[in-house]
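Each residue of the first sequence is one higher than the last, beginning at 345 in the working numbering.
Comments concern the structure below.
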Amino acid sequence: MPELPEVQHVVDTLRPHVTGVRIRAVRLHRNDIVEPMGFDLSKALTDRSIQNVSRRAKRIVFSLDDGQSFYIHLGMSGRLIASEPNATVAKHTHLMIEIDRPVVSQIRFVDPRSFGGIFWTNDDTELGPEPLTISSSILARQLAGTKRIVKSALLDQKLIAGLGNIYVDESLFDARIHPERISSELSREEVGRLCRSIKSVLKRAINSGGSSLRDYVDANGERGGFQKLHRVYGRAGEKCVKCRSAITSKVLGGRTTAFCPRCQMK
DNA sequence: GTCCATGTTCTTTA
DNA sequence: CTAAAGAACATGGA
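Have a look at this one:
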């Protein structure tokens, strides 16, 4: 579910529920989703208040009143939902944070596939620059340093942090760049186009509330609408919206990749 | 039963 | 060292 636009939308919908709110209790139903393993989340969070919620790459970062911070990563199927305390507890609810609010008084982390988790650290030095604010020259520098195909490079969070399979494919289509082009061989003009495309695709996705394929909903349980606007992702065999050629699908770097063979020439 | 999935990380291989 | 390929993690839907 969660690439940058989905995570941003979760953060935006979560913020009004938790900003300035005190944590009353923490119920952890699975301790292997907390890193470091064995960390006492309850001790660290109880009676602290949440100063702010923000996004870094695909991470949902919580800042506390004692200056500490931690993040939740949604993995592939994670949801973070504001709930009423008496709402039915969904299967695979791994964490419930009780907050000091009269109505919506729980934040629940539900994650069937358990690829997500809670990470007690604020170290983001492993992450590359943010896609929404990266400059064309920085992107060019990042891409110049690798001979991998551009599809794989853009998925590398150390190179640029926040894109995933959907938005890499959509951005490459928008920029008319073939996913198998060698990163370091892109022209300055192509990188400029790619930089603009990444931002416009992500902004449009955020404005649509993200892409809901199966699991994804925001903190209020609402689905996004950007899946209806996908131009290549999930459209293999269908006609290209620009040239009517058939959209091609191919596994690249272990990930299914959709592109238009005519609009995105090698 | 099979295949596939919006993510990340590790191992093997070249 | 770089990078590609494959597997692993766990679950559910088609």
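Quick reminder that beta carbons are idealized off the backbone N, C-alpha and C, glycines included.
Between residue i and residue j, is the Cβ-Cβ spacing less than 8 Å?
i: Pro346; j: Ala549; result: no
i: Val405; j: Ser386; result: no
i: Ser479; j: Asp455; result: no
i: Val351; j: Lys402; result: yes
i: Asp444; j: Val365; result: yes
i: Asp468; j: Arg400; result: yes
i: Gly655; j: His353; result: No statement about residue 655 is possible, as the shown extent of the chain runs from 345 to 610 and does not include it.
i: Gln571; j: Ser555; result: yes
DSSP three-state call for residue i: helix, strand or coil?
i: Phe459; result: coil
i: Ile526; result: strand
i: His373; result: coil
i: Val433; result: coil
i: Asn564; result: coil
i: His438; result: strand
i: Phe517; result: helix
i: Phe570; result: helix
i: Leu424; result: strand
i: Ser480; result: helix
i: Ala401; result: coil
i: Tyr511; result: helix
i: Val545; result: helix
i: Leu418; result: coil
i: Glu613; result: In the structure as shown, the chain starts at 345 and stops at 610, and residue 613 therefore has no counterpart that could be examined.
Looking only at its chain, what residues have a beta carbon closer than 7 Å to the beta carbon of residue i, apart from the 5 residues adjacent to it on each side?
i: Val512; result: Lys495, Leu498, Leu499
i: Val447; result: Glu428
i: Ala577; result: It should be noted that the sequence gives Tyr, not Ala, for residue 577. Within the same chain, Tyr577 has close Cβ partners Ile510, Asp513, Glu514, Ala602.
i: Ala434; result: Val454
i: Gly581; result: Ala590, Ile591
i: Asp410; result: Arg392
i: Arg374; result: His438
i: Leu476; result: Lys543, Leu546
Mind reading off the beta-carbon distance from residue i to residue j? Whole number of angstroms is fine, and I expect it under 8 Å.
i: Gln522; j: Phe463; result: Just to set this straight, residue 522 is His in the shown sequence, not Gln. Wrong, their Cβ atoms sit about 36 Å apart, outside the cutoff.
i: Glu474; j: Gly506; result: 6 Å
i: Leu538; j: Leu483; result: 7 Å
i: Lys502; j: Gly472; result: 5 Å
i: Arg457; j: Thr437; result: The Cβ separation is near 14 Å, so there is no contact.
i: Val545; j: Leu487; result: Contact doesn't hold; Cβ gap of about 17 Å is too wide.
i: Phe517; j: Cys607; result: 7 Å
i: Arg575; j: Val585; result: 5 Å
I'd like the list of long-range same chain contacts for residue i, defined as Cβ closer than 8 Å, with 5 residues on each side in sequence excluded.
i: Lys610; result: His522, Glu524, Arg525
i: Ile493; result: Pro523, Glu524, Arg525, Ile526, Ser527, Leu596, Gly597
Residues in the same chain with beta-carbon distance under 6 Å from residue i, minus the five sequence neighbours each way, listed in chain order, please.
i: Asn466; result: Ser413
i: Phe459; result: Gly419, Met420
i: Arg359; result: Val397
i: Leu489; result: Looking at the sequence itself, residue 489 is Gly, so the reference to Leu does not match. None.
i: Val378; result: Leu385, Ile462
i: Met440; result: Arg371, Gln450, Arg452
Segment contact, 8 Å Cβ cut-off, at least three pairs: the region 356-372 with the region 382-402: With a cut-off of 8 Å, the region 382-402 and the region 356-372 count as touching, because enough Cβ pairs lie within range.
Touching or not, the region 555-575 and the region 425-440, by the rule of three or more beta carbon pairs under 8 Å? Output reads yes: the region 425-440 touches the region 555-575.
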